[in-house]
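2 protein chains.
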Amino acid sequence: MEKSVQYADMLKQKDLKSTPQRMAMLGIMEAKGHADIDEIYQEIKKDFVSISLATVYKNINTLLDAGIIEEIKVPQKKSKFEIVKHKHSHFVCEKCGEVYDVQKPKKLDIELPEGFEPREASVMIVGVCKKCR
Amino acid sequence: MEKSVQYADMLKQKDLKSTPQRMAMLGIMEAKGHADIDEIYQEIKKDFVSISLATVYKNINTLLDAGIIEEIKVPQKKSKFEIVKHKHSHFVCEKCGEVYDVQKPKKLDIELPEGFEPREASVMIVGVCKKCR
DNA sequence: TTATTAAAGGAAAATATTTTTCCTTTAGCA
DNA sequence: TGCTAAAGGAAAAATATTTTCCTTTAATAA
Numbered sequence: 001m002e003k004s005v006q007y008a009d010m011l012k013q014k015d016l017k018s019t020p021q022r023m024a025m026l027g028i029m030e031a032k033g034h035a036d037i038d039e040i041y042q043e044i045k046k047d048f049v050s051i052s053l054a055t056v057y058k059n060i061n062t063l064l065d066a067g068i069i070e071e072i073k074v075p076q077k078k079s080k081f082e083i084v085k086h087k088h089s090h091f092v093c094e095k096c097g098e099v100y101d102v103q104k105p106k107k108l109d110i111e112l113p114e115g116f117e118p119r120e121a122s123v124m125i126v127g128v129c130k131k132c133r
Numbered sequence: 134m135e136k137s138v139q140y141a142d143m144l145k146q147k148d149l150k151s152t153p154q155r156m157a158m159l160g161i162m163e164a165k166g167h168a169d170i171d172e173i174y175q176e177i178k179k180d181f182v183s184i185s186l187a188t189v190y191k192n193i194n195t196l197l198d199a200g201i202i203e204e205i206k207v208p209q210k211k212s213k214f215e216i217v218k219h220k221h222s223h224f225v226c227e228k229c230g231e232v233y234d235v236q237k238p239k240k241l242d243i244e245l246p247e248g249f250e251p252r253e254a255s256v257m258i259v260g261v262c263k264k265c266r
């Protein structure tokens, strides 16, 4: 099935409208993998010249609330947003700032104090990517 | 050796002055473990009634640059700041928002694509803490 | 001690970021 | 094709952070 149809379905399930602006935002996140507010805004302006930055923010929040995208907080950088898919970890290059998806650890042997209930873990690896070596 | 003396030494090594405001900020972060800008500001105002929020921000940035403190980006929350000590991981309670230090994983078996050089990893565990169960 | 001086503090302004308001447009549906 | 609630756009408001500019002070040395 095509990506845009999938997104339209996901939106519908949450009683959200499939507007061209919203679909474009999802398309940009899909294409880039991870994008921050400004990247999304600059990119979408190419197709929607008069789109308001407020619309970008409103849609980011709507999509976050719907669980369609998630926010990735990157050390020393602006937050990136990505479409929710299978669980994975992130690698951020300290030279170019690019964020990459990497497989998540098979197991995470962290011993928590008694009484602490983990629900999920996020791992961010900082290093240098292939391009920047 | 006393904590405040240690901090004074660390500041001196970086050619930074040990001002009362700065020492108080370090004391607050020490006491709380993790504190966000507003917590620090509210707390320090008890002792320095007329301290400027700009001073808090300026000192946070100075201490970050000096590597004396670090910023912890917490999912869905404001960043917290903590004094740099031994490496550890974090646990954030999704009920109360409190951040706890936990031991870091003994090893992290993430297979990176060829050419990617990891330097360090940060792990954030989200769950429910003992108090909130 | 006291004098010197660059760094740091405070207040206010400037800038940046995000949200809200209010009105217009449009997607989804009958 | 018309109706209506949701979404978009522009501007204002609210929030967050940084900068400016002047005053105060910590650190150093005489």
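As they're listed, the protein sequences go chains R and X.
The first sequence maps to residues 1 to 133 in our numbering.
The second sequence maps to residues 134 to 266 in our numbering.
Cβ coordinates follow ideal geometry from the N, Cα and C atoms, glycine included.
| query | For S222(X), does the count of other Cβ atoms within 10 angstroms reach 16, so buried, or fall short, so exposed? | reply | By the neighbour-count rule (16 or more Cβ atoms within 10 Å), S222(X) is buried.
| message | Can you give me the C-alpha to C-alpha distance between C132(R) and F249(X), rounded to a whole angstrom? | response | CA-CA distance, C132(R) to F249(X), rounds to 9 angstroms.
| task | Check whether the Cβ atoms of K77(R) and D36(R) lie closer than 9 angstroms to each other. | result | yes
| If we cut at 9 angstroms on Cβ distances, does V261(X) have a partner in chain R? | Judged by the 9 angstroms Cβ criterion, V261(X) is in contact with chain R.
| field | Interface partners of K73(R) on chain X, CB under 7 angstroms | value | Simply K206, P208.
| request: On a CA-only basis, which of I44(R), T19(R), K14(R) is nearest I28(R)? Give me that one, please. | output: I44(R)
| query | Quick one: which chain R residues come within Cβ less than 9 angstroms of I201(X)? | reply | What I201(X) touches in chain R: nothing, since even the nearest Cβ is about 16 angstroms away.
| request: Would you tell me roughly how many angstroms separate the C-alpha atoms of A199(X) and P113(R), rounded to the nearest one? | output: Note on geometry: alpha-carbon atoms of A199(X) and P113(R) lie some 32 angstroms from one another.
| Checking contacts by CB at 9 angstroms: is G248(X) closer than that to chain R? | yes
| said: Quick check: the Cα distance between D142(X) and G127(R), rounded to an integer number of angstroms? | reply: Their Cα atoms are separated by approximately 30 angstroms.
| query | What do you get for E111(R), buried or exposed, if any count of 16 or more other CB atoms within 10 angstroms of its CB means buried? | reply | exposed
| field | Range of the contiguous beta strand (DSSP E) that encloses K213(X) | value | 213 to 216
| field | Cβ neighbours of K95(R) in the same chain (closer than 8 angstroms, five flanking residues each side left out) | value | Around K95(R): V128, C129, C132.
| Going by other Cβ atoms of all chains shown within 10 Å of its Cβ, with 16 needed for buried, is K80(R) buried or exposed? | buried
| field | Start-to-end residues for the alpha helix (DSSP H) that takes in D38(R) | value | 37 to 45
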